[in-house]
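Participant:
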Amino acid sequence: MRRFEYLRAASIDQAIERLSFDPGAKLLAGGTNLVDLMKYDVACPTTIIDINDLPLGDIKETSDGGLRIGALVTNSDLAFHPVIENRYPLLASAILAGASAQLRNAATVAGNLLQRTRCSYFYDVMTPCNKRTPGSGCPARNGLNRNHAILGASQDCVATHPSDMCVALAAIGTMIVVQGPNGARSISLADFHRLPGDTPEQDTTLRNNEIILGIELPPAPEFQRYSYLKIRDRLSYAFALVSAAALLTIDDGVISTAHVALGGVAHKPWRDTAAEVVLVGRPASRGNFHQFASMLLSRSEALSQNGFKIELARRTVVRALEQAASRTPQSQSDKRVH
Ligand SMILES: Cc1cc2nc3c(=O)[nH]c(=O)nc-3n(C[C@H](O)[C@H](O)[C@H](O)COP(=O)(O)OP(=O)(O)OC[C@H]3O[C@@H](n4cnc5c(N)ncnc54)[C@H](O)[C@@H]3O)c2cc1C
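In terms of the UniProt record's numbering, the sequence shown opens at residue 1 and continues consecutively.
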């Protein structure tokens, strides 16, 4: 049995102080990922700082017409919040594509942002893994890598980020608000999750002694068209092989904005704003969507078992854009792709 101390934080400052003083401490929100990792001995915190009493559970409009969402808002409360359903339906849809109702009732915004990879070698402490034990090696590179990265991987790590919510947040363009001993700062979602490089043990740019306070969404564009399309081995309760979050605005048949992010393909939600420019000013046609998908995936590389994901990603992007354009977003209750 591994012993750890349990502390129920009474204030944000107290949580930060404890994180600063005890580098082995971990914050506990819904616990649906951290507690699993502790059971597998992948995470061995010296102290658990339970943050569930902290005032981080609100959803509020911001002065610019956007939305501030507290770190402790549960995935269910967020997906079913009327403002999210009406103005950010892409986010609601992506959240509902993930996990199960019970998990979404417990899982929080910040926990979802910081959930760790589902690479089986990461979870198996009897095998090497550079993400779990830096410098020990990456058996996935030449081993079981069917679910692994096709973009942005490194020699040291080919793991993917498993979140659905974060893919929608990447497409929307989200800021993460964090606080440390020296005050608060905001990090764009694009800069929050990292590519693995030679330090795959660091999933994000959050510092050890910082706490996530919440996220900020920009004002939602009017008349947006969206779809979150998740392709997986089973129709429910499975992580994405590939997913695509598509947001379009179209005027008179011509695309005026296009935001597209991919999940299940890289160590972070994958978005290429330079490729999106190709779609702007063009008709919302299948040919243009194909051209965009080719650009988005131009740097993809297959491992021994996951070459199929490159074509799957291409088709998923095109289909998600078609669903968005035709205002027929992927249903998360009837998950079949029509
Ligand atoms: C069986 C199963 C299936 C799943 N399927 C999916 C799926 O299909 N799609 C999907 O997206 N997800 C899926 N999940 C993952 C689930 O969404 C995450 O476990 C959940 O979002 C984590 O949130 P939590 O609040 O429980 O986090 P915790 O487990 O409490 O914490 C996770 C991490 O975040 C840190 N943390 C929490 N709050 C803060 C904060 N405010 N500031 C700084 N650090 C913080 C913790 O220290 C910990 O390191 C699945 C999980 C399970 C168990």
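Heads up, the beta-carbon is just placed ideally off N, CA and C, and yes, glycines get one too. Since this is a predicted model, take the numbers as computed values, not measurements.
Is the beta carbon of I212 sitting closer than 8 Å to the one on L113?
Facilitator: In this structure, L113 lies closer than 8 Å to I212 by Cβ.
Participant: Using a threshold of 8 Å, state whether the C-beta atoms of Y88 and I48 are closer than that.
Facilitator: Going by C-beta atoms, Y88 is not nearer than 8 Å to I48.
Participant: Put C150 into one of helix, strand or coil per three-state DSSP.
Facilitator: A small correction: the amino acid at residue 150 is Ile; Cys does not occupy that position in the sequence shown. In the structure shown, I150 sits in coil (DSSP, three-state: anything other than H, G, I, E or B).
Participant: Among L54, A275 and L34, which one has its Cα closest to the Cα of S11?
Facilitator: Of the candidates L54, A275 and L34, the one whose C-alpha sits nearest the C-alpha of S11 is L54.
Participant: Using CA atoms only, rank isn't needed, just tell me which of Q102, T328, S300 and S120 is closest to S154.
Facilitator: Nearest C-alpha to S154: S300.
Participant: Reducing DSSP to helix, strand and coil, say where Q202 ends up.
Facilitator: DSSP places Q202 in coil when its eight states are reduced to three.
Participant: Among all the DSSP beta bridges, which residues are the ones paired with A325?
Facilitator: Partner(s): none; A325 has no beta bridge.
Participant: What residue range does the alpha helix (DSSP H) around Y121 cover?
Facilitator: S120 to Y123 is the span of the alpha helix (DSSP H), which, as asked, contains Y121.
Participant: Could you check whether the Cβ of I16 sits closer than 7 Å to any heavy atom belonging to ligand 1?
Facilitator: Result no, Cβ not under 7 Å from ligand 1.
Participant: If you scan the region 9-74 from start to end, which runs of the beta strand (DSSP E) of 3 or more residues do you find wholly inside it?
Facilitator: If we require 3 residues or more, the beta strand (DSSP E) runs fully inside the region 9-74 come out as 25-28, 47-50, 59-61 and 67-70.
Participant: Return the residue from the list F21, A110, Y237 and R3 that minimises the CA-CA distance to P181.
Facilitator: Of the candidates F21, A110, Y237 and R3, the one whose C-alpha sits nearest the C-alpha of P181 is F21.
Participant: Would you identify the three-state DSSP class for K230, choosing helix, strand or coil?
Facilitator: Correct three-state label for K230: strand.
Participant: By a C-beta neighbour count over all protein chains shown, 10 Å radius and 16 as the cutoff for buried, is M175 buried or exposed?
Facilitator: The residue in question, M175, is buried, as its Cβ has 16 or more Cβ neighbours within 10 Å.
Participant: Given this structure, state the Cα-to-Cα distance separating H267 from D251, to the nearest angstrom.
Facilitator: Each residue's alpha carbon lies about 34 Å from the other.
Participant: According to the neighbour-count rule (16 or more other Cβ atoms, all chains shown, within 10 Å of its Cβ), is A140 buried or exposed?
Facilitator: That one is buried.
Participant: Quick check on the DSSP output: the alpha helix (DSSP H) that includes S93 runs from which residue to which?
Facilitator: P89 to L96 is the span of the alpha helix (DSSP H), which, as asked, contains S93.
Participant: Please determine, among G135, L96, V177 and A284, the residue with the shortest C-alpha to C-alpha distance to D164.
Facilitator: The residue with the shortest Cα to Cα distance from D164 is L96.
Participant: Comparing C-alpha positions only, which one of N288, S63, G253 and R118 sits nearest to R225?
Facilitator: Minimum Cα distance to R225 is reached at G253.
Participant: Anyone know if the C-beta pair for S34 and L91 falls short of 8 Å?
Facilitator: What sits at residue 34 in the sequence shown is Leu, not Ser. In this structure, L91 does not lie closer than 8 Å to L34 by Cβ.
Participant: Answer yes or no: the CB of L229 versus the heavy atoms of ligand 1, is any distance below 7 Å?
Facilitator: L229 Cβ: outside cutoff for every heavy atom of ligand 1.
Participant: Taking the continuous alpha helix (DSSP H) assigned at H290, which residues delimit it?
Facilitator: Where H290 is concerned, the enclosing alpha helix (DSSP H) stretches over R286 to L296.
Participant: Please find out if some non-hydrogen atom of ligand 1 comes closer than 7 Å to the beta-carbon of T32.
Facilitator: Yes - ligand 1 has a heavy atom lying nearer than 7 Å to the Cβ of T32.
Participant: Could you check whether the Cβ of Y237 sits closer than 7 Å to any heavy atom belonging to ligand 1?
Facilitator: Answer for Y237: yes, Cβ within range of ligand 1.
Participant: Whole-angstrom Cβ separation of R234 and A240, contact assumed at under 8 Å?
Facilitator: At roughly 11 Å, the Cβ-Cβ gap does not stay under 8 Å, so R234 and A240 are not in contact.
Participant: Between which two residues does the beta strand (DSSP E) carrying T257 extend?
Facilitator: Segment V254 to G263, the beta strand (DSSP E) holding T257.
Participant: Which two residues bound the contiguous alpha helix (DSSP H) that contains D191?
Facilitator: Start and end: L189 to F192.
Participant: Considering only C-alpha positions, which residue in the set V42, Q330, R314 and S285 is nearest to S298?
Facilitator: Of V42, Q330, R314 and S285, the residue nearest in Cα terms is R314.
Participant: Could you tell me the alpha carbon to alpha carbon distance between G173 and Q330, rounded to whole angstroms?
Facilitator: Each residue's alpha carbon lies about 21 Å from the other.
Participant: Can you tell me where the beta strand (DSSP E) holding A244 begins and where it ends?
Facilitator: Per DSSP, A244 belongs to the beta strand (DSSP E) from V242 to D251.
Participant: Where does T273 fall in DSSP's three states?
Facilitator: Three-state DSSP puts T273 in a helix.
Participant: Assuming A171 and A220 are in contact, meaning their beta carbons sit under 8 Å apart, how far apart are those beta carbons, in whole angstroms?
Facilitator: Not really, about 12 Å apart at Cβ, beyond 8 Å.
Participant: Does DSSP put L179 in a helix, in a strand, or in coil?
Facilitator: Contrary to the premise, residue 179 reads as Gln rather than Leu in this sequence. In the structure shown, Q179 sits in a strand (DSSP, three-state: E or B).
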